[in-house]
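Student: My questions all concern the structure below.
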Amino acid sequence: MKRVFALLASFIALIACDRFFDISDQVGESTVWMSFIPSNDYDTTFFCLQATTPLAGPTNPVLTRDEKVEVMVNGRSLALEKSARSVPDKIQFYSTGYTFAPGDLVEVVATVPGTGSVSSSCTVPEPFPACNWNVRLARRSEDENIVFLDIDYADSGEAGYYGAAVIEYSETDSQFGIADPETGELYWGDPVHSTTEQALYPCSMSDSDALSAAGETPVSVSPGYYNTMSGGRNENVQIWCDVPGQTPAGGRRQVTLAARVSQPGVTEYHYVEPDYEYHHRAVRSCKYRIVFYRFSESCYKYLKAQYNSSYSDFSELGLAPASFVYTNVKGGAGVCGSYTVLSTDWFELSP
Numbered sequence: 009m010k011r012v013f014a015l016l017a018s019f020i021a022l023i024a025c026d027r028f029f030d031i032s033d034q035v036g037e038s039t040v041w042m043s044f045i046p047s048n049d050y051d052t053t054f055f056c057l058q059a060t061t062p063l064a065g066p067t068n069p070v071l072t073r074d075e076k077v078e079v080m081v082n083g084r085s086l087a088l089e090k091s092a093r094s095v096p097d098k099i100q101f102y103s104t105g106y107t108f109a110p111g112d113l114v115e116v117v118a119t120v121p122g123t124g125s126v127s128s129s130c131t132v133p134e135p136f137p138a139c140n141w142n143v144r145l146a147r148r149s150e151d152e153n154i155v156f157l158d159i160d161y162a163d164s165g166e167a168g169y170y171g172a173a174v175i176e177y178s179e180t181d182s183q184f185g186i187a188d189p190e191t192g193e194l195y196w197g198d199p200v201h202s203t204t205e206q207a208l209y210p211c212s213m214s215d216s217d218a219l220s221a222a223g224e225t226p227v228s229v230s231p232g233y234y235n236t237m238s239g240g241r242n243e244n245v246q247i248w249c250d251v252p253g254q255t256p257a258g259g260r261r262q263v264t265l266a267a268r269v270s271q272p273g274v275t276e277y278h279y280v281e282p283d284y285e286y287h288h289r290a291v292r293s294c295k296y297r298i299v300f301y302r303f304s305e306s307c308y309k310y311l312k313a314q315y316n317s318s319y320s321d322f323s324e325l326g327l328a329p330a331s332f333v334y335t336n337v338k339g340g341a342g343v344c345g346s347y348t349v350l351s352t353d354w355f356e357l358s359p
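Our numbering runs 8 ahead of the 1-based position in the sequence shown.
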């Protein structure tokens, strides 16, 4: 019966795609996909240009090397450099070291021979509004905690597109050892030092077990969406939107986000095989900071659509491309959007 419903859902999805996205006229076409997300987050910003694979027709569309890309900031042309990340005939990357500032108007035009021109624009948003924030830590298990981030800020009365993440910087010194089962003598290898910096993995409202164990009810936690624009510290940013006309009492917004955090300290384990006994010991220390995001409308809608595409019922049926994907690119697909970040100083967490 489940299989019948799955096939029925697939059939309905395909009909919906044909109606709303006019697939019948585009199955044999390849279009140009571009991505440009200027921000104050990185020293280098990349512009990406790629030929998309159509639903039918050539499976390896070629993007020629004769494309022309122009980026304008406040009406002035921005110098771009071809990046070594480019793959000839497939995907082109350009980079700029320009420092984008709030209020910058960014306009992009790319001309590809045989395909035409694609264009888009965005305005770099103002930073996250002044806010009060507080971090609470609750024990979930012996090895894992839940961190709650409470944010309070004044409602502007307009649409606002925001995000936040708890960034963890960890240093780990680990060492592996082998014990001779006959003599019991333990031989340790050289210690290995490693560091990582990443956003803590969010707990959604559906993660009731984790939240209940931490003493919170799921309804008190705003789920938002997970930011999927890149890896590293941006990977698990939670984003949300303030809806105009829904100003809460007192004129202030309260948002609570939840994320999982591992317990720092000393970790030891060992396992036995027929010939040897293996040991591992790791000493892990951590520090944290809060990063606040403010997105342009186009950037927020694109990230939300990407999340919905990856975690929708369509994706579970293998039909993720059939779900809605936002674009603000004229003549093609992709996004030109922006965001700004504000970061706190590093701090430590204690139960």
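Even for Gly, the Cβ is constructed at its ideal location relative to N, Cα and C.
Please state whether the Cβ-Cβ distance between I45 and G345 is less than 7 Å.
Tutor: yes
Student: Does the stretch 107-118 touch the stretch 272-281, meaning 3 or more C-beta pairs lie closer than 8 Å?
Tutor: Taking 8 Å as the limit for Cβ pairs, the verdict is that the stretch 107-118 does not touch the stretch 272-281.
Student: Going by DSSP, which residues form a beta bridge with V77?
Tutor: DSSP output for V77 lists A118 as bridge partner(s).
Student: To the nearest angstrom, how far is the alpha carbon of K76 from that of A118?
Tutor: So the two alpha carbons sit approximately 6 Å from each other.
Student: Is it the case that the Cβ atoms of Y170 and R260 are separated by a distance below 7 Å?
Tutor: no
Student: Which same chain residues end up closer than 7 Å to D74 when comparing Cβ atoms and leaving out the 5 residues on each side of it in sequence?
Tutor: P121
Student: Tell me whether P282 sits in a helix, a strand or coil according to DSSP, three-state version.
Tutor: coil
Student: Straight-line CA distance for F140 to Q262?
Tutor: In the sequence on display, residue 140 carries Asn and not Phe. Their backbone Cα atoms lie some 10 Å apart in a straight line.
Student: What residues are listed by DSSP as bridge partners for D250?
Tutor: G168
Student: Can you list, in chain order, the residues of its chain with a C-beta nearer than 6 Å to that of Q34? Leave out the 5 residues immediately preceding and following it.
Tutor: With a pLDDT of 42 at Q34, under the threshold of 50, the modelled position of that residue is not reliable, and the figure given next carries that caveat. Here the set comprises nothing.
Student: Could you name the residues that DSSP lists as bridge partners for P210?
Tutor: A267.
Student: Just the Cα atoms here: how many angstroms apart are T352 and I175?
Tutor: 10 Å
Student: Less than 7 Å between the beta carbons of P252 and A138, yes or no?
Tutor: No, the pair does not count as a contact, with Cβ atoms beyond the cut-off.
Student: Name the DSSP beta bridge partners of F55, please?
Tutor: F44 and Y102
Student: With a threshold of 6 Å on Cβ separation, who are the neighbours of E276 within its own chain once the five nearest residues in sequence on each side are excluded?
Tutor: R289
Student: Rounded to a whole number of angstroms, what is the C-alpha to C-alpha distance between P133 and Y347?
Tutor: Taking C-alpha positions only, P133 is separated from Y347 by approximately 6 Å.
Student: Starting from F156, trace the beta strand (DSSP E) both ways and give me its first and last residue.
Tutor: E152 to A162
Student: How big is the Cα-Cα spacing for S127 and F136?
Tutor: 28 Å
Student: To the nearest angstrom, how far is it from the Cα of L194 to the Cα of I154?
Tutor: Each residue's CA atom was taken as its position, placing L194 and I154 some 37 Å apart.
Student: Apart from the five residues just before and just after T52, which ones in its own chain have a Cβ nearer than 8 Å to its Cβ?
Tutor: Excluding the 5 residues flanking it on each side, T52 has same chain C-beta neighbours closer than 8 Å at S103, T104 and G105, in chain order.
Student: Pull up the distance between the alpha-carbon of E152 and that of V349, whole angstroms please.
Tutor: Spanning the two alpha carbons is a distance of roughly 28 Å.
Student: Using beta carbons (cut-off 7 Å, strictly below), is A59 in contact with chain B?
Tutor: Among the chains of the structure shown, chain B does not appear; only one protein chain is present.
Student: Locate the beta strand (DSSP E) running through S304, then write down its first and last residues.
Tutor: Neither: S304 is in no beta strand (DSSP E) and is coded neither H nor E.
Student: Could you spell out the range, first to last residue, of the beta strand (DSSP E) harbouring Y195?
Tutor: L194 to W196
Student: Of the choices V299, P256 and V337, whose alpha-carbon is the least far from that of N48?
Tutor: V299
Student: Give the single residue among V116, W248 and A207 whose Cα lies nearest to the Cα of I159.
Tutor: W248
Student: Do the CB positions of S306 and N336 come within less than 7 Å of each other?
Tutor: yes
Student: If you measure between the beta carbons of G185 and H287, is that distance less than 7 Å?
Tutor: In this structure, H287 lies closer than 7 Å to G185 by Cβ.
Student: Apart from the five residues on each side of it in sequence, which residues of its chain come closer than 7 Å, Cβ to Cβ, to K10?
Tutor: Low confidence applies here, because K10 scores a pLDDT of 44, under 50, leaving its location unreliable; read the following figure in that light. Correct list: empty, nothing qualifies.
Student: What's the gap between the Cα of L123 and the Cα of S43?
Tutor: The question names Leu, but residue 123 in the sequence shown is Thr. When rounded, the distance between both Cα atoms is 17 Å.
Student: Could you tell me which of Y296, L265 and N242 sits nearest to Y50, measuring between CA atoms?
Tutor: N242
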